[in-house]
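Engineer: One structure, pasted below without further comment.
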Ligand code: SF4
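Residue numbers (the numbering used here): 23 to 282.
The structure is reproduced here in C-alpha cells:
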C-alpha cells in the first residue's frame, strides 16, 4: 500500500534487526538526532552534537523495510536518540509506525514527561525505557548541564504508574559516579519493576576526557548488579533498604578532575 510521509523528525540512523535494544524482543531501531542533555559519558556524540552532519535515512526506506520484516518476523520498533521527545513532530512518526502495525518502545531521558504522557494517552507506545543518570538530588551533575530535576521525577512516577511495560537503566561511570550513587538510585527507584545496570563504554564519549576512564571489571559489575537487585527486591517486599558494603571507586577529587 503506498503512503504519504507525514510531518516527522529526520531519521538519523536505522538498525534493521537488533536483539539488544528491547529486552526479550527482536526489533528494528530508529535513531533521532539532537538531545537536550550533555551527559559527558554519552557514546552518541555525533548524534547529539551534530545531527545535521549525519545523513537522513529516508522515511520511505524505513517503511518499506519494516513492511518487509513485518511480513516475516519483526513487528517491534525502538525509537531512540539522542532524545526523541525534543521533536514536536514525534507523534507523526510514531503514529505512522503504529499504523504499520508495529509495537513501539520509546527510549527517553525523562526530561519531557508531558510528551511521554501524550504518547501514552494516544495509545502510541507499548514500552518505555528511561535512562536514570544518577541520584536525583544532583541531577545536573550527571547530565552535563542544568536539568529540571522535577520533570525527571515526574517522568519516573508516571512510568511506574502508567501500566505499560517499562525499564529503568543506569550507565555506571567510574569517577563520575561513586558506587554508593548507584545504590542511591536503586533506593530511589524501589518499587519499580527493574533497574538495568549498564557498563560504561569509553570508545566514543561526548566529553573526550571520559574516554580515558576504564569501565568497572566484569566482576565488579556483577557485584554492583547483585547489590542493586537486593535493594530493589527489598523495595518490593516493603523492607527497609540498607546500604551494601562499598568498595573504593573514586574520590570526589577524582570526579572533579574530569571536568577540567
Ligand atoms: S546519554 Fe545523555 S547526552 Fe547522550 S543521548 Fe542520552 S541523554 Fe542525551
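All residues carry an ideal CB built from backbone N, CA and C; glycine is no exception. Owing to the predicted nature of the structure, the values given are computational and were not obtained by experimental measurement.
1) Jot down the residue ranges of each uninterrupted alpha helix (DSSP H) in the region 125-194, minimum 4 residues, whole runs only, in chain order.
2) Mapping DSSP to helix, strand and coil, what is residue 282?
3) Would you list the residues sitting across from residue 255 in a DSSP beta bridge?
4) Would you please state the rounded distance, in angstroms, between the beta carbons of residue 190 and residue 139? I believe it to be under 8 angstroms.
5) Where does residue 111 land, buried or exposed, given buried means 16+ other C-beta within 10 angstroms?
6) Just the Cα atoms here: how many angstroms apart are residue 198 and residue 208?
7) Using a 10 Å radius around the Cβ and a threshold of 16 neighbouring Cβ atoms, would you call residue 28 buried or exposed?
8) Roughly how far, in whole angstroms, is the beta-carbon of residue 221 from the beta-carbon of residue 243, given that I think they are within contact range, below 8 angstroms?
9) By DSSP, does residue 71 sit in helix, in strand, or in coil?
10) Output the distance between the C-alpha atoms of residue 49 and residue 125, rounded to the nearest integer angstrom.
11) Considering just the uninterrupted stretch of the beta strand (DSSP E) at residue 34, what are its terminal residues?
12) Quick check on the DSSP output: the beta strand (DSSP E) that includes residue 50 runs from which residue to which?
13) Please indicate yes or no: does the CB of residue 59 lie closer than 6 angstroms to some heavy atom of the ligand SF4?
14) Closest to residue 69 by C-alpha separation, out of 177, 193, 105 and 172, would be which residue?
15) My assumption, with CB atoms under 8 angstroms, is that residue 137 sits in contact with residue 192. Please give the rounded CB distance.
16) Given a threshold of 16 other Cβ atoms within 10 Å of its Cβ, counted over all protein chains shown, does residue 98 qualify as buried or as exposed?
Structural biologist: In this structure, then:
1) 135-143, 161-165 and 171-183
2) Caution applies to residue 282, whose pLDDT of 31 falls short of 50 and renders its modelled position unreliable; the value that the coordinates give is listed next. Coil, per DSSP.
3) Answer by DSSP bridge pairing: none, since residue 255 is not bridged.
4) Not quite, the Cβ-Cβ distance comes to about 17 angstroms (not below 8 angstroms), so this is no contact.
5) exposed
6) 17 angstroms
7) exposed
8) 6 angstroms
9) helix
10) 9 angstroms
11) 33-40
12) 49-54
13) yes
14) Taking only the C-alpha atoms, the option nearest residue 69 is 105.
15) Contact doesn't hold; Cβ gap of about 22 angstroms is too wide.
16) By the 10 Å Cβ count, residue 98 comes out buried.
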